[in-house]
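Chains as they are written, first to last, in the UniProt record's numbering: chain U, 1 to 327; chain X, 1 to 306. Here the structure comes first, spelled out in structure tokens, and everything after it is commentary.
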Amino acid sequence: MDELLRVRGLKTYYYSAKHVVPAVDGVSFSLRKGEVLGLVGESGSGKSTVARSVTRIFNKAYTRIEGGEILFHGRDLLKVPDRKMSDIRGRHIAMVFQNPQTSLNPVFSIGNQLAEALLLHQKMPRTLAREKAVELLRQVNIPSPELRMGDFPHQLSGGMQQRVMIAIALACRPEIIIADEPTTALDVTIQAQILDLFTRLRGEAGMSMLLITHNMGVVAEVCDRMMVMYGGVVMEEGRCAEIFDKPLHEYTKGLLACIPDLDEDKDTLYSIPGQAPRLEAPVTACRFSGRCGKAFGKCRGQEPPLFALGGGRAVRCWLYGGEEAAG
Amino acid sequence: MKRYVAVRVIKALLTVLFVWTVVFILSRVTGDPVDWMLQSGGDMRAREQLRHNLGLDLPLAQQYFRAIAGMLTGDAGTSFYYARPVSDLFAERMTATLTLGAVVFGVTILFGVPLGVFAALRHNSVLDRLTMGFSVAGYTVPNFVLGILLIFIFSLHLKLLPSGSVGTPAHFVLPVIAMSVAPAANVARLTRSALLDVIGQDFLECARAKGAKESRVIFKHALRNALISVVTILGAQLGYIIGGSVVVETVFAWPGIGTLIVNSAKQRDFPVVQFGVMIICISVTAINLLVDLSYSALDPRIRGRD
């Protein structure tokens, strides 16, 4: 199996003066070549922290990776020293961020920032970098790319800015693109265009993608497999079609119930009761038990492991494993 | 843009005219130069003659317009005291002042900017606090007090460095320290806070995600954005250096235009004082104008609003 990235038992903790927050508390997954993996969850579920742990883009003053392995082509990225990570970022693993409006440097032109992405990893004359940059802009459907090269970020719309960000991510033909809420800050029609762009590029370039979102609709549209995260751990994972068809975890069911059904005439939208928990290590109960309608005694006394159900499907719930599981 | 520049230049000229007028009036309020020139008293006739020769017997308004007309035609008048053209007096001393100012400005940038960057990168560390502590101390001490203190320690007691005048590089040391500590401290504080505003912005993370090394992230992406504030404060400090040279040159007996202006003010040598203040005023106004115009070059968001 051509497995590109394997994360095992990743733990990333945030430290403040008083608290230790286990933002990511033992997450494992793998990403195959050409695959799009969706990472879903509420704000604070740890999904962005997973993404940032892979490329190690976070504030080292209060973030530390406490354990686990991130194997990229079998090589553990956590053993790569900080100053060597810049050879991997952009070249092998690229990222697209949530806010295109603030992600481009306001004082450099689009062309300059695109060319930089190319020149950081490849030796080439500036004129060639420029030509390639124009080509990249064309690839992400930016009209009259030659004219846009000299534009500054503030002269472009949010959707155009995000296209530029995607072009920058594509610049060195990375093997993996990590997109952290790439459509959240955009309006709905532009979201659809950006998602189409991702789907098309994926087909053309055969890149693998880790797509982080809180939007189930986005997952349904572009992902092959998905992982549902909650409170720093994976609650359920499997093929998208299967999970949408038959969600097992109560949390996944809740997330799917939040999507409004256009045929139904409802005045209020469904929301999962309660709030995402504020975690502090160590955890001694199922993290979702406080908001779960089916929680029973064991849920509050012991955290369930991630039970593998076969076919890549897994769920972290006592209802599907342990002695209480039916059958 | 052209319109903007034209408006700004006209405003700058009005500023210079205003300052010059104030100095014209103020210097005449201090008293009669003839008192100073004929200290023995002299008889009334000699006094009248002298006043007439200097043009001081004319009505004030006429003196004012004469002086302006002179400036416009390139004639800054003749010094009462030295009896030589004012422009010659300044031309002789300009080099000394400019050399000192340039060295001071260079030292200000060379120490201020790196210190600020350093403090911002080590935000909240002991080193950051030390740097900022030094900075506050540095810019609260007036430059002439520092100058006198330096002379006291290094010239009088340790006998290491000359206390005044020019000649060797060693003569530069004390005046340069006295004049550059405060501006360097200010520049350091402002560079630090400008950089702290930029550090933590999303586009720096993006630069890292592209594969830029940390040094490139800071010195290209972050500092370039902080540059607008840094240039503003550098301009302000240059104005401060020019103004401060008047006092510090006197402390160190530096033969520049500062010393000339101070002595001339004491001697009620009106044409020299007026011309000196005008030069300072023009330099400061020109610097401010250049700083304002540099914004559009540094920040594309300000460009092309015409």
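Using N, Cα and C, we set each Cβ at its ideal position, and we do this for glycine too. Please read all numbers here as calculations on a predicted model, not as lab measurements.
Here threonine 97 of chain X is near serine 245 of chain X, since their CB atoms are less than 7 Å apart. Close partners of serine 289 of chain U in chain X (Cβ separation under 7 Å) are lacking, with about 35 Å as the shortest Cβ gap. Annotation: the continuous beta strand (DSSP E) that includes proline 22 of chain U extends over 20-32. Within chain X, Arg208, Gly211, Ala212, Lys213, Glu214 have C-beta atoms less than 8 Å from the C-beta of serine 86 of chain U, given in sequence order. Chain order gives the chain U residues near arginine 224 of chain X as Val107, where near means a beta carbon separation below 7 Å.
The DSSP-derived three-state label of isoleucine 241 of chain X is helix. Around the CB of lysine 210 of chain X, 16 or more other CB atoms lie within 10 Å, so the residue is classed as buried. Segment contact: the stretch 275-295 of chain U against the stretch 18-30 of chain U, three or more CB-CB distances shorter than 8 Å; contact assigned.
Interface annotation, leucine 170 of chain U: not in contact with chain X, CB-CB separation never under 7 Å.
In the DSSP assignment, methionine 209 of chain U falls within the unbroken beta strand (DSSP E) covering 208-213.
Under the three-state reduction of DSSP, valine 29 of chain X is assigned to helix. In the three-state scheme derived from DSSP, where H, G and I count as helix and E and B as strand, alanine 308 of chain U is classed as strand. The beta-carbon separation of glycine 41 of chain U and histidine 214 of chain U, rounded to 7 Å, stays under the 8 Å limit for a contact. Residues of the same chain with a CB within less than 8 Å of the CB of leucine 39 of chain U, apart from the 5 flanking positions on each side, are Lys47, Val50, Ala51, Leu210, Leu211, Ile212, Thr213, Met226, Met227, Met229 in chain order.
Annotated three-state conformation of proline 153 of chain U is helix, per DSSP. Flagged as an interface residue toward chain U: arginine 301 of chain X, by a C-beta distance shorter than 7 Å. Within chain X, Glu205, Arg208, Ala209 have C-beta atoms less than 8 Å from the C-beta of isoleucine 57 of chain U, given in sequence order.
Within the stretch 148-168 of chain U, those residues whose Cβ lies closer than 8 Å to any Cβ of chain X are, in chain order, Phe152, His154, Met165, Ile168. Rounded to whole angstroms, the separation of the alpha carbons of aspartate 292 of chain X and isoleucine 272 of chain U is 54 Å. Counted as a single uninterrupted DSSP element, the alpha helix (DSSP H) harbouring glutamate 242 of chain U occupies residues 240-245. Counting of Cβ neighbours within 10 angstroms places methionine 1 of chain X among the exposed residues, the total staying below 16. Beta bridge pairing from DSSP links phenylalanine 72 of chain U with U:Leu5, U:Arg75. Looking at the backbone, the Cα of aspartate 245 of chain U and that of leucine 256 of chain U are separated by about 10 Å.
With respect to the C-alpha of glutamine 201 of chain X, the residue from U:Ser16, U:Ser86, U:Ile57, U:Val7 having the closest C-alpha is U:Ile57. In the DSSP assignment, methionine 160 of chain U falls within the unbroken alpha helix (DSSP H) covering 158-170. Fewer than three beta-carbon pairs drawn from the stretch 230-241 of chain U and the stretch 57-68 of chain U are found closer than 8 Å, and the two stretches are therefore not classed as touching. Short of 8 Å from the beta carbon of arginine 202 of chain U, and not among the five residues preceding or following it, lie these beta carbons of its own chain, in chain order: Gly34, Val36, Met209, Val222. For the stretch 225-243 of chain U, the beta-carbon criterion of a distance under 9 Å to any beta-carbon of chain X is satisfied by none of its residues. Judged by DSSP secondary structure, valine 40 of chain U falls within the beta strand (DSSP E) whose first and last residues are 36-40.
Taking C-beta atoms under 8 Å as the contact rule, methionine 149 of chain U and valine 96 of chain U fail to qualify, at a distance of about 20 Å.
Measuring C-alpha to C-alpha distances from valine 247 of chain X to each of X:Asn124, X:Gln267, X:Gly258 identifies X:Gly258 as the nearest. Between arginine 268 of chain X and proline 175 of chain X, the alpha-carbon positions lie close to 27 Å from each other. When secondary structure is reduced to three states using DSSP, threonine 63 of chain U falls in the strand class.
For aspartate 197 of chain X, the enclosing alpha helix (DSSP H) starts and ends at 170-198.
Between phenylalanine 144 of chain X and valine 251 of chain X the beta-carbon gap is near 5 Å, inside 8 Å, which marks them as a contact.
Distances from the CA of leucine 137 of chain U to each of U:His121, U:Pro125, U:Thr189, U:Ala117 were compared; the closest alpha carbon is that of U:Ala117.
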